[in-house]
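Protein chains in written order, with the working numbering: chain S, 20 to 259; chain P, 20 to 259; chain R, 20 to 259; chain F, 20 to 259.
Notes follow the structure.
There are 4 protein chains.
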Amino acid sequence: MTSFASEIEQAIATVRADVARLHAELVRYGLVVWTGGNVSGRVRVSAEGDRDLFVIKPSGVGYDHLAPANMILCDLDGAVIPGTPGSDRAPSSDTAAHAYVYRNMPEVGGVVHTHSDYAVAWAARGEEIPCVITAMADEFGGPIPVGPFAIIGDDSIGRGIVQTLRGHRSRAVLMQNHGPFTIGVDAADAVKAAVMVEDAARTVHLAREAGPLIPIPQEAIDRLYQRYQNVYGQSADTRR
Amino acid sequence: MTSFASEIEQAIATVRADVARLHAELVRYGLVVWTGGNVSGRVRVSAEGDRDLFVIKPSGVGYDHLAPANMILCDLDGAVIPGTPGSDRAPSSDTAAHAYVYRNMPEVGGVVHTHSDYAVAWAARGEEIPCVITAMADEFGGPIPVGPFAIIGDDSIGRGIVQTLRGHRSRAVLMQNHGPFTIGVDAADAVKAAVMVEDAARTVHLAREAGPLIPIPQEAIDRLYQRYQNVYGQSADTRR
Amino acid sequence: MTSFASEIEQAIATVRADVARLHAELVRYGLVVWTGGNVSGRVRVSAEGDRDLFVIKPSGVGYDHLAPANMILCDLDGAVIPGTPGSDRAPSSDTAAHAYVYRNMPEVGGVVHTHSDYAVAWAARGEEIPCVITAMADEFGGPIPVGPFAIIGDDSIGRGIVQTLRGHRSRAVLMQNHGPFTIGVDAADAVKAAVMVEDAARTVHLAREAGPLIPIPQEAIDRLYQRYQNVYGQSADTRR
Amino acid sequence: MTSFASEIEQAIATVRADVARLHAELVRYGLVVWTGGNVSGRVRVSAEGDRDLFVIKPSGVGYDHLAPANMILCDLDGAVIPGTPGSDRAPSSDTAAHAYVYRNMPEVGGVVHTHSDYAVAWAARGEEIPCVITAMADEFGGPIPVGPFAIIGDDSIGRGIVQTLRGHRSRAVLMQNHGPFTIGVDAADAVKAAVMVEDAARTVHLAREAGPLIPIPQEAIDRLYQRYQNVYGQSADTRR
């Protein structure tokens, strides 16, 4: 085995372990029920991203039974890599959407999808979440946008995610009538965004049902977002 | 013991274990309190179903004390089979309703009843849950219907369930002023439906209290339902 | 030690164990935070109840630190019995209210008080919970009533509980601006009532915020209540 | 080491252990998600408080990874004490606000900040929580006030907390569009206040969304507050 191949193997093993482990965070924060929801993580092979791979959850398998060895390795067209661990199972039914995001957003290293209840509630009304709390300004830099109605069967979900999030500060999109998809520099970052979008969706829902909200001035939102993205946490490695 | 009798014994043991274990899912998802709620599973004896048995929870026993050996074996009239493990206890007070469903819907292999809060809230208004999120289209193929007001004492609850669900895509019915009953190909499938009906009841409740909902076109609901019932998951065995 | 004294000792030990253990149910069902809430259980000494004792939680002690040995034994005036385990600590600040109930309702064997959120919400409006779900009819036989505004310092809380619940089907009262008190044949029964009153408070709150409720006919409420009180469960011993 | 220095070391060790342990209470009561929220505790060095130290959580570190040794020791300007355990990491991004409180309120021994959802919802409307339940009268002696809008970057958050809480009965302030800060005689007391402010925020939210609230007479609020602050619990040491 060449040293390069060995490095790839090591990277795959790390992402398999991260993705398996991070599914437990979806359970911990109550974002999923039964076998719903999925996390994926990119395996970087080339600087351009065009030869990369990603690791994703198998379809319809319960959260008690997820382990590195049954995560599924795919190429950026969403095809399972034959002969790898887990390749005898079908990948998540949302694999095509994840693949589309990885193909079209080389900076993205992780994607998460859930049906978390408050986020889906905003999505069922096709309504963006206004940025009225400082935690949202920190994390998302403004409102959390809505993406188009799209159903499984072609590239339309992936396209809707990319069109909405490209160039947007938010790492989360609420796909109409469906639910949130989040992206991040890696799988952990996308999971954090999935946790924070539900928290924001819940808090702003509760706030608004009891009376009018006080807006945060745009200049304050900008300052909070800049600080949080650059200063918060311990270092670039552990920032999120 | 003939080989056929031995097969039946084995099937009973499997259903006892499944039914005991699946009650823990009702607790995990917060669908029950104290001793409320019940799961049953059919033991297939004949192809026509007329000689079948089913296994159900004992009445008024706490969720910490459920084990295969104290589940109760009944015939399709709801009568406890004497001399079998657990037969010294009374079966769930909803046994007659479960029995009625098994007698009249041979395709049903599992029945679940809970008082999960959001589903009961829709039931207290006698209002069906509209299908405005794709997860409901996947799972239930449309709205979740309401069944008639009926109280314990005769066949009226069982009859209301069967009349509402026969020929309906939904595996869940909200019995008016009472709560959800769900059916499935086996007990696990009916438990999944009980989890998903509460999730749908909660999400649509939250969505609607904050403003008007966007309907999903019927054609999209149909496509989602067809795909999910045929493609989702690993195989026919693990599909749900 | 006479045999009678020995029986009393045994009864005290049993109630201490029950009361300590049952506090964990308040935590499990989310009815209490920090050191709030309390359970007590009567120790039957005389048939008339006038010489009875009861066991109650110490004041301001966390739920992780409750054990049979630090529960506190009191007489029916609420005075701590000197020299008994736990008697070096102050009993729950609600001890006077519990004592008043035991003095004036000889049939009561357990009392529970919590600040569970939905029940307190109804109490803050001084509004009884209407009986629109069959589980309430089973358990409480009708609406859950509101008691008067009363504050700690004299017998007014105990008096309000007794005036409201004496002769009432409901084992729960919502003391105005304060919260629920429940009674039962023993401590476990009163804890069950505390769990069910919060569940009813939550479900009816959710139901009503989305539209008009369908009433249950009085005759059906009566039948449900009669059946549940007499038939449900395994026997008189395990009925609740 | 002088005896005085040894006493300080002992006090630091105790506060490190308390602060690390108390973060778990924020998780237990659902007040925080991911790495959000923080607890600090003062180390008393001088009677005047001007030479005191405090211990606080590191920035952006998960709740599963908090231990006494990675808590961070700071002076009252918020500067990390070099060469002490954890001093290689950045302290919580809210450290300046905690420091400001300790500098300006010598009686305060603990500070807590969370983004608990219901409290943040009131903060997003800039609305104080009215005192309509006896538990609030006990704990906070009246309404829970709102503080000014202020963002990280200078002393404005700390100043807003101190201006609002100095001379106020409430140990909790809802900083507008941001969230609750609580203070206490020590870290445990401030954590208790953080738990109780969310409980009050949730209960009063639920109560008010269903109809008009009954006010509690001021005289009753005063009596409840006086009693609870002086009588409740076991002694001055364990009072909270």
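Don't be surprised by glycine CBs; every beta carbon is placed ideally from N, CA and C.
Fair warning: this is a prediction, and the values are worked out from it, not measured in the lab.
Practice task
Return helix, strand or coil for T133/S, following the three-state DSSP convention.
Solution key: Counted from its first residue, the first sequence places residue 133/S at position 114. Of the three classes helix, strand and coil, the one that applies to T133/S here is coil, per DSSP.
Handout entry: Within 9 Å of chain P by C-beta, residues of the segment 213–236 of chain R in sequence order
Key = V214, M215, E217, D218, R221, T222, V223, H224, L225, A226, R227, E228, A229, G230, P231, L232, I233, P234, I235, P236
Practice task
Just the chain P side, please: which residues come within less than 9 Å of G128/S by C-beta, in chain order?
Solution key: In the first sequence, counting from the first residue as 1, residue 128/S sits at position 109. Under the 9 Å cutoff, chain P gives no residues; its nearest Cβ is about 26 Å from G128/S.
Problem - Per-residue burial, S65/F [other beta carbons within 10 Å of its own, 16 or more giving buried] - result: Position 46 of the fourth sequence, counted from the start, is the residue given in the question as residue 65/F. Its Cβ having fewer than 16 others within 10 Å, S65/F is exposed.
Handout entry: According to DSSP, residues forming a beta bridge with V165/R
Key = Within the third sequence, residue 165/R is the residue found at index 146, counting from 1. Its beta-bridge partners are L193/R.
Handout entry: Neighbour list for I148/R in chain F, Cβ cutoff strictly below 7 Å
Key = The residue you call residue 148/R lines up with position 129 of the third sequence. Neighbours of I148/R on chain F: none; closest Cβ ~11 Å, over 7 Å.
Exercise for the section: Please state whether DSSP places P101/S in a helix, a strand or coil. Expected result: Position 82 of the first sequence, counting from 1, holds the residue named residue 101/S. Coil, per DSSP.
Problem - Any chain F beta carbon closer than 7 Å to A154/S - result: Numbered from its first residue, the first sequence carries residue 154/S at position 135. So, interface residue.
Handout entry: Exposed unless 16 or more other CB atoms sit within 10 angstroms - verdict on G172/P
Key = Position 153 of the second sequence holds residue 172/P. So G172/P ends up on the exposed side.
Handout entry: Residues from the segment 165–176 of chain S in contact with chain P, defined by Cβ distance under 8 Å
Key = Along the segment 165–176 of chain S, going in chain order, the ones with a CB nearer than 8 Å to a CB of chain P are F168, I170, I171, G172.
Practice task
Name, in chain order, the residues that DSSP records as bridge partners for G60/P.
Solution key: The sequence position of residue 60/P within the second sequence is 41, counting from 1. Per DSSP, V74/P, G129/P.
Problem - D176/P versus A98/P, F23/P, G198/P, M215/P, residue with shortest Cα-Cα distance - result: Position 157 of the second sequence holds residue 176/P. The sequence shown places Ile at residue 176/P, rather than the Asp named in the question. Out of A98/P, F23/P, G198/P, M215/P, G198/P has the C-alpha closest to the C-alpha of I176/P.
Exercise for the section: Assign D83/F to one of three DSSP states: helix, strand, or coil. Expected result: On the fourth sequence, position 64 is the one that residue 83/F refers to. In the structure shown, D83/F falls within a helical segment according to DSSP collapsed to helix, strand and coil.
Exercise for the section: Just grab the DSSP bridge partners of L92/R for me. Expected result: Along the third sequence, read from residue 1 onward, the residue named residue 92/R stands at position 73. Answer by DSSP bridge pairing, in chain order: V74/R.
Problem - Residue closest to G102/P, alpha-carbon to alpha-carbon, out of S111/P, A88/P, T114/P - result: Working through the second sequence from its first residue, we reach residue 102/P at position 83. The option with the nearest alpha carbon to G102/P is A88/P.
Exercise for the section: Please report how far the alpha carbon of D174/F lies from the alpha carbon of P231/S, in whole angstroms. Expected result: Within the fourth sequence, the letter at position 155 stands for residue 174/F. Within the first sequence, the letter at position 212 stands for residue 231/S. If I take the Cα positions, the gap works out to 28 Å.
Handout entry: Under 7 Å from the C-beta of G145/P: neighbouring residues of chain R
Key = To locate residue 145/P, count along the second sequence from 1; it is residue 126. Here the neighbours are I233.
Practice task
Using a Cβ-Cβ cut-off of 7 Å, state whether D157/P counts as contacting chain R.
Solution key: The residue labelled residue 157/P in the question sits at position 138 within the second sequence. So, not an interface residue.
Problem - Members of the segment 179–193 of chain P near chain R, C-beta cut-off 8 Å - result: none
Practice task
Could you check which residue in G55/R, I240/R, H132/R has the C-alpha nearest to that of N196/P?
Solution key: Residue 196/P sits at position 177 when you count from the first residue of the second sequence. Taking only the C-alpha atoms, the option nearest N196/P is I240/R.
Handout entry: Helix, strand or coil at G177/R according to DSSP, with G and I counted as helix
Key = For this step, residue 177/R is matched to residue 158 along the third sequence. Three-state result, G177/R: helix.
Exercise for the section: Give the DSSP bridge partners of P199/R, in chain order. Expected result: Looking up residue 199/R in the third sequence gives position 180. P199/R is bridged to L193/R.
Practice task
Determine the direct distance from the alpha carbon of N57/F to that of A143/S, and round the result to whole angstroms.
Solution key: For the purposes of this step, residue 143/S is taken as the residue at position 124 of the first sequence. For the purposes of this step, residue 57/F is taken as the residue at position 38 of the fourth sequence. Roughly 34 Å separates the two Cα atoms.
Practice task
Tell me, please, whether the CB atom of A52/S is closer than 7 Å to any CB atom in chain P?
Solution key: Indexing the first sequence from 1 puts residue 52/S at position 33. The sequence as given places Val at residue 52/S; Ala does not occur at that position. Yes, V52/S lies at the interface with chain P (some Cβ there is under 7 Å from its Cβ).
Exercise for the section: Examine the Cβ distances between the segment 109–127 of chain P and the segment 61–76 of chain P and report whether three or more of them are shorter than 8 Å. Expected result: yes
Exercise for the section: List the whole-angstrom C-beta distance separating V210/S from E44/S, where the pair is believed to meet the contact cut-off of C-beta under 8 Å. Expected result: Residue mapping note: residue 210/S aligns to position 191 of the first sequence, counting from 1. Residue mapping note: residue 44/S aligns to position 25 of the first sequence, counting from 1. Correct: roughly 5 Å between the Cβ atoms.
Problem - Alpha-carbon spacing of R246/F relative to Q248/R, whole angstroms - result: For the purposes of this step, residue 246/F is taken as the residue at position 227 of the fourth sequence. For the purposes of this step, residue 248/R is taken as the residue at position 229 of the third sequence. Rounded to the nearest angstrom, the two C-alpha atoms are 41 Å apart.
Practice task
Indicate whether S78/S and H117/S have their beta-carbon atoms separated by less than 7 Å.
Solution key: As a working mapping, residue 78/S is identified with position 59 in the first sequence. As a working mapping, residue 117/S is identified with position 98 in the first sequence. No; because the gap between Cβ atoms is not below 7 Å, this pair is not in contact.
Problem - C-beta neighbour in chain S for N57/F, strict 7 Å - result: Numbered from its first residue, the fourth sequence carries residue 57/F at position 38. Closer than 7 Å: no.
Problem - Cα-Cα separation, S111/F to D208/F - result: In the fourth sequence, counting from the first residue as 1, residue 111/F sits at position 92. In the fourth sequence, counting from the first residue as 1, residue 208/F sits at position 189. Spanning the two alpha carbons is a distance of roughly 20 Å.
Handout entry: Check whether I91/F and G105/F have beta carbons under 7 Å apart
Key = Within the fourth sequence, the letter at position 72 stands for residue 91/F. Within the fourth sequence, the letter at position 86 stands for residue 105/F. Their beta carbons are under 7 Å apart, which means I91/F touches G105/F by this criterion.
Exercise for the section: Pick helix, strand or coil for I235/R, following the three-state DSSP scheme. Expected result: Within the third sequence, residue 235/R is the residue found at index 216, counting from 1. Coil at I235/R, not helix or strand.
Problem - Span of the alpha helix (DSSP H) around S25/F - result: Taking the fourth sequence and counting its residues from 1, the one referred to as residue 25/F is at position 6. Here the alpha helix (DSSP H) through S25/F covers 22–47.
Practice task
Just the C-alpha distance for V151/S and P236/R, rounded to the nearest angstrom, thanks.
Solution key: Indexing the first sequence from 1 puts residue 151/S at position 132. Indexing the third sequence from 1 puts residue 236/R at position 217. Cα to Cα, V151/S sits roughly 46 Å from P236/R.
Practice task
Compute the beta-carbon to beta-carbon distance between I75/F and T114/F, rounded to the nearest angstrom, for a pair I have assumed lies under 8 Å.
Solution key: Residue mapping note: residue 75/F aligns to position 56 of the fourth sequence, counting from 1. Residue mapping note: residue 114/F aligns to position 95 of the fourth sequence, counting from 1. A Cβ-Cβ separation of about 6 Å places I75/F in contact with T114/F under the 8 Å criterion.
Problem - Nearest neighbour of G186/R, chosen from P167/R, I170/R, F159/R [CA to CA] - result: The sequence position of residue 186/R within the third sequence is 167, counting from 1. Of the candidates P167/R, I170/R, F159/R, the one whose C-alpha sits nearest the C-alpha of G186/R is F159/R.
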